[in-house]
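Novice:
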Amino acid sequence: MGCWPTDEVVTAQAGTTRVAVIGQSAVTAARLAETAARVDDISDLDRLATTLPGSFHLIAAVGNRIRVQGSASGFRRVFATTTGGTVVAADRADVLARLGSGEFDHRWLAARLVDPGIPHPACDATPWRDVRAVPAGHYLLVEATGRSRVVRWWSPPEPSLSLPEGAAVLRETLATAVSIRLDAVPVQAPIGCDLSGGFDSTSLCFLAKPRWNDLIAVTSTGVDEGDDDAMWAQAAARDLPGVQRLVVTPDHRPRQFADILRPSGSDEPYPGLRGQAQSLALADRLVTGGCTIQLTGHGGDEVVWTRRAYLYDLARTRPWLFYRHFRGHQILRRWPARSAARVLCDRRDYAAWLRDQAAQLLTPAPPDGPAGWGSPLRLPFWATPAAAEAAEALLAVAADGAEPLSSSRGQHEALALVQTAGRSSRLDAQVVAETGLTRACPFLDDRVVEACLAVRAHERTSPWRYKPLLAEAMRGIVPETLLQRRTKADTGAEVAAGFRHHGAELLALCDDSLLVRYGLVDAHRLRTAVSQACAGATLRPVLVQTLACETWLRSISSETDIGKG
Numbered sequence: 153m154g155c156w157p158t159d160e161v162v163t164a165q166a167g168t169t170r171v172a173v174i175g176q177s178a179v180t181a182a183r184l185a186e187t188a189a190r191v192d193d194i195s196d197l198d199r200l201a202t203t204l205p206g207s208f209h210l211i212a213a214v215g216n217r218i219r220v221q222g223s224a225s226g227f228r229r230v231f232a233t234t235t236g237g238t239v240v241a242a243d244r245a246d247v248l249a250r251l252g253s254g255e256f257d258h259r260w261l262a263a264r265l266v267d268p269g270i271p272h273p274a275c276d277a278t279p280w281r282d283v284r285a286v287p288a289g290h291y292l293l294v295e296a297t298g299r300s301r302v303v304r305w306w307s308p309p310e311p312s313l314s315l316p317e318g319a320a321v322l323r324e325t326l327a328t329a330v331s332i333r334l335d336a337v338p339v340q341a342p343i344g345c346d347l348s349g350g351f352d353s354t355s356l357c358f359l360a361k362p363r364w365n366d367l368i369a370v371t372s373t374g375v376d377e378g379d380d381d382a383m384w385a386q387a388a389a390r391d392l393p394g395v396q397r398l399v400v401t402p403d404h405r406p407r408q409f410a411d412i413l414r415p416s417g418s419d420e421p422y423p424g425l426r427g428q429a430q431s432l433a434l435a436d437r438l439v440t441g442g443c444t445i446q447l448t449g450h451g452g453d454e455v456v457w458t459r460r461a462y463l464y465d466l467a468r469t470r471p472w473l474f475y476r477h478f479r480g481h482q483i484l485r486r487w488p489a490r491s492a493a494r495v496l497c498d499r500r501d502y503a504a505w506l507r508d509q510a511a512q513l514l515t516p517a518p519p520d521g522p523a524g525w526g527s528p529l530r531l532p533f534w535a536t537p538a539a540a541e542a543a544e545a546l547l548a549v550a551a552d553g554a555e556p557l558s559s560s561r562g563q564h565e566a567l568a569l570v571q572t573a574g575r576s577s578r579l580d581a582q583v584v585a586e587t588g589l590t591r592a593c594p595f596l597d598d599r600v601v602e603a604c605l606a607v608r609a610h611e612r613t614s615p616w617r618y619k620p621l622l623a624e625a626m627r628g629i630v631p632e633t634l635l636q637r638r639t640k641a642d643t644g645a646e647v648a649a650g651f652r653h654h655g656a657e658l659l660a661l662c663d664d665s666l667l668v669r670y671g672l673v674d675a676h677r678l679r680t681a682v683s684q685a686c687a688g689a690t691l692r693p694v695l696v697q698t699l700a701c702e703t704w705l706r707s708i709s710s711e712t713d714i715g716k717g
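In this text, residue positions in the sequence shown follow the numbering used here: the first is 153, and each later residue adds one.
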């Protein structure tokens, strides 16, 4: 079950094999028919799934067996339920919930309050007890008997390429990803493309412009005096002759947190809640201007480099290089010297690490620094002991026999971040879909993800260079002066202004909160956190996630009995 534009569906049949590719891909009906003709077993489709560029769902029937899969990045997801003895799959969990009991899982809701987010494999849970998610990199297999199971079709590549080798591959795969989107649009129709001034969106603009005359470069300027994004976007635009500029200033867009009670249309709490009204307003402007697609740099931050866990691997393979990288990060991030010991001494396997995190949700977080298989998991101070108990229960079940996404801690963390970005960007695409605009995220195409993960972590991540892999890949495409950027804009001032302007509405959420009603949040403490943010305190992202859970619950309460479970 799904709702897709007809121009994104390609189908073919050969004998008893039927195949459909749904989404943005380069496949043609003729090539798909050739593929179908060579299929003897459902697993023969692995070759198509692991080589076809783009972002798509793959659905196939070989004889009486059915295969349904999304993407390895998590941007295309698959859910399943059983109703009347029949397995039903869909690309949205809420659609399937309406077919079943609709019994809500409060453990899932409690875990959504965890900072910085639900880890693997608990992230594959859904809000409804009778709806299950197919993990990224796996497909749903429905046997002829009607029974179903999940089968792995994808694994991350070994990070064996040097920076120059990986840059060449990334240049080709990212260019192909952009071309696929351009090829799907009628000639001379306008295409929107983010031009924030950052590396990721700038790269997409320079890849797209030579092939497309009617390119609308979108720049949203900030309110912070230190925000230099607009300056870099302007510099990029000067080297993009003929590009149309759409510059959206703070005075010509909704404030952050505007219209927060408007249903997002997403099947999970929307992490971009604070900018939802801005996203919809921009989408409306692009659609009014004739655009049907917008290229975004979403996922670039997570795909082209990684975070901290690679230091653990580096310490064991190249200790002197580890010391240089650790010292660089330590100076930049002001890590305490003893944090190196945490890297060297932590020998827990992934399941043990996850169990320990589940048991420490209400304890103070350790000092900043590299740790374990990922960032420490903690609940915010407004979460109740009941929320901690429920979240711990979900995480403990997930930890039982849990295997990491890769045996390498650095590769595990990198892929976990990619899939988090994929799930988040998927929700963003759901939100703007109501306007008729398709948000495309080339960085989250599986072939692009593979290109980045195949590069040695200590070469694509450096404390001394900003996104070195993308910079090398775009050399000769993006002007050298733009590749020298070392800064990243901070939207804190705009977020603070949004809190101040919409403070009354945000505080009202605390007064009649469903999260409070279900015992997961303390009303007074939540109100204190919101009040502090309205007064200018540094925003904790987990507060926005909590508010997103609250507004999402309200939007589905008329359709789901969230009192169950």
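No residue lacks a Cβ here, since even glycine has one placed at the ideal position from N, Cα and C. No experiment lies behind these values; they were computed from the predicted model shown.
Residue 162 bridges to which residues according to DSSP?
Specialist: As a first step, residue 162 must be located in the sequence shown, where it is residue number 10. For residue 162, which the question treats as bridged, DSSP gives the partners 173.
Novice: Check for me: the beta strand (DSSP E) holding residue 291 runs from which residue to which?
Specialist: Numbered from its first residue, the sequence shown carries residue 291 at position 139. That run of the beta strand (DSSP E) goes 290 to 294.
Novice: Terminal residues of the continuous beta strand (DSSP E) containing residue 447?
Specialist: The residue labelled residue 447 in the question sits at position 295 within the sequence shown. Residue 447 -> beta strand (DSSP E) spans 445 to 447.
Novice: Kindly indicate the opening and closing residues of the beta strand (DSSP E) around residue 211.
Specialist: Position 59 of the sequence shown, counted from the start, is the residue given in the question as residue 211. For residue 211, the uninterrupted beta strand (DSSP E) run begins and ends at 206 to 214, by DSSP.
Novice: DSSP state of residue 345, grouped into three classes?
Specialist: Counted from its first residue, the sequence shown places residue 345 at position 193. Here residue 345 sits in strand by DSSP.
Novice: According to DSSP, is residue 416 helix, strand or coil?
Specialist: As a working note, residue 416 is residue 264 in the sequence shown. In the three-state DSSP reduction, residue 416 falls in the coil class, being neither helix nor strand.
Novice: For residue 314, which option in 422, 181, 373, 624 has the closest C-alpha, if you only look at C-alpha atoms?
Specialist: Within the sequence shown, residue 314 is the residue found at index 162, counting from 1. When 422, 181, 373, 624 are compared, the shortest CA-CA separation from residue 314 is found for 624.
Novice: Apply the 10 Å Cβ neighbour rule to residue 269 and answer buried if 16 or more other Cβ atoms are within range, or exposed otherwise.
Specialist: On the sequence shown, position 117 is the one that residue 269 refers to. That one is buried.
Novice: Write down every uninterrupted run of the alpha helix (DSSP H) in the region 305 to 357 whose length is 4 residues or greater and which is fully enclosed by it, in chain order.
Specialist: 315 to 335
Novice: Per DSSP, which one or two residues make a beta bridge with residue 781?
Specialist: Outside the modelled stretch of the chain, which goes from 153 to 717, sits residue 781, for which no answer is possible.
Novice: In the DSSP assignment, the alpha helix (DSSP H) including residue 372 goes from what residue to what residue?
Specialist: Within the sequence shown, numbered from 1, the residue matching residue 372 stands at position 220. First-last for residue 372: 367 to 372, but that is the beta strand (DSSP E), not the alpha helix (DSSP H).
Novice: Under a three-way DSSP split, which group does residue 218 fall into?
Specialist: Numbered from 1 along the sequence shown, position 66 holds the residue referred to as residue 218. Of the three classes helix, strand and coil, the one that applies to residue 218 here is strand, per DSSP.
Novice: How is the beta strand (DSSP E) around residue 648 delimited, first residue to last?
Specialist: Taking the first residue of the sequence shown as position 1, residue 648 is located at position 496. Residue 648 -> not in any beta strand (DSSP E); alpha helix (DSSP H) instead, spanning 644 to 653.
Novice: So residue 232 and residue 241 are supposed to be a Cβ contact under 8 Å. How far apart are they, rounded?
Specialist: Counted from its first residue, the sequence shown places residue 232 at position 80. Counted from its first residue, the sequence shown places residue 241 at position 89. Between residue 241 and residue 232 the Cβ distance is about 5 Å, and since that is below 8 Å, they are a contact.
Novice: Can you tell which of 617, 458, 477, 641 has its C-alpha closest to the C-alpha of residue 525?
Specialist: For the purposes of this step, residue 525 is taken as the residue at position 373 of the sequence shown. The alpha carbon of residue 525 has as its nearest neighbour, out of 617, 458, 477, 641, the alpha carbon of 458.
Novice: Could you compute how far the alpha carbon of residue 610 sits from the alpha carbon of residue 555?
Specialist: Counted from its first residue, the sequence shown places residue 610 at position 458. Counted from its first residue, the sequence shown places residue 555 at position 403. One C-alpha to the other measures close to 24 Å.
Novice: Let's test the definition: count the other Cβ atoms within 10 Å of the Cβ of residue 595 and tell me whether it reaches 16, buried, or not, exposed.
Specialist: Locating residue 595 in the sequence shown gives position 443, counting from the first residue. The residue is buried, with at least 16 neighbouring Cβ atoms inside 10 Å.
Novice: Work out the CA separation of residue 551 and residue 495 for me, nearest whole Å.
Specialist: The residue you call residue 495 lines up with position 343 of the sequence shown. The residue you call residue 551 lines up with position 399 of the sequence shown. For residue 495 and residue 551, the distance between alpha carbons rounds to 21 Å.
Novice: DSSP state of residue 716, grouped into three classes?
Specialist: Position 564 of the sequence shown holds residue 716. Low local confidence applies: a pLDDT of 46 at residue 716 is under 50, so the model's placement there is unreliable, and no value is given.
Novice: Compare the C-alpha of residue 670 against each of 660, 656, 539, 245 and name the closest.
Specialist: Start at 1 with the first residue of the sequence shown, and residue 670 comes out as number 518. Comparing Cα positions, the closest option is 539.
Novice: Decide if the region 699 to 711 is in contact with the region 554 to 572; the criterion is three or more beta carbon pairs, one per stretch, under 8 Å apart.
Specialist: no
Novice: Given residue 545, which residues of its chain have a CB within under 7 Å of its CB, disregarding the five upstream and five downstream residues?
Specialist: The count along the sequence shown starts at 1 and reaches residue 545 at position 393. Result list for residue 545: 259, in chain order.
Novice: Please report the residue range of the alpha helix (DSSP H) in which residue 592 lies.
Specialist: Locating residue 592 in the sequence shown gives position 440, where the first residue counts as 1. Careful: residue 592 lies outside any alpha helix (DSSP H), inside the beta strand (DSSP E) at 590 to 592.
Novice: At which residues does the alpha helix (DSSP H) containing residue 190 begin and terminate?
Specialist: Numbered from 1 along the sequence shown, position 38 holds the residue referred to as residue 190. That residue, residue 190, is in no alpha helix (DSSP H); it is neither H nor E in DSSP.
Novice: Can you give me the start and stop residues for the alpha helix (DSSP H) that residue 533 sits inside?
Specialist: Position 381 of the sequence shown, counted from the start, is the residue given in the question as residue 533. Premise fails: residue 533 is in no alpha helix (DSSP H) and is neither H nor E.
Novice: Measuring straight from C-alpha to C-alpha, what distance separates residue 535 and residue 497?
Specialist: Sequence index remark: in the sequence shown, residue 535 carries index 383 (1-based). Sequence index remark: in the sequence shown, residue 497 carries index 345 (1-based). Each residue's alpha carbon lies about 31 Å from the other.
Novice: Going by DSSP, what residue range makes up the alpha helix (DSSP H) through residue 203?
Specialist: Taking the sequence shown and counting its residues from 1, the one referred to as residue 203 is at position 51. Residue 203 -> alpha helix (DSSP H) spans 198 to 203.
Novice: Would you list the residues sitting across from residue 300 in a DSSP beta bridge?
Specialist: As a working mapping, residue 300 is identified with position 148 in the sequence shown. For residue 300, which the question treats as bridged, DSSP gives the partners 294.
Novice: Hey, out of 183, 318, 189, 347, whose CA is closest to residue 599's CA?
Specialist: Counting from 1 along the sequence shown, the entry for residue 599 is found at position 447. Nearest option by C-alpha distance: 318.
Novice: Going by the DSSP bridge assignment, what does residue 231 pair with across the sheet?
Specialist: Reading the sequence shown from its first residue, position 79 is the one you call residue 231. The partner list for residue 231 (beta bridge, DSSP) reads 242, 285.
Novice: Inspect the beta-carbon positions of residue 439 and residue 579 and report whether they are closer than 7 Å.
Specialist: As a working note, residue 439 is residue 287 in the sequence shown. As a working note, residue 579 is residue 427 in the sequence shown. No, these two residues do not count as a Cβ contact at 7 Å.
Novice: Rounded C-beta distance between residue 447 and residue 587? I'm assuming under 8 Å.
Specialist: For the purposes of this step, residue 447 is identified with residue 295 of the sequence shown, where counting begins at 1. For the purposes of this step, residue 587 is identified with residue 435 of the sequence shown, where counting begins at 1. At roughly 16 Å, the Cβ-Cβ gap does not stay under 8 Å, so residue 447 and residue 587 are not in contact.
Novice: Which one or two residues does DSSP pair with residue 607 in a beta bridge?
Specialist: Working through the sequence shown from its first residue, we reach residue 607 at position 455. Beta-bridge pairing links residue 607 to 313.
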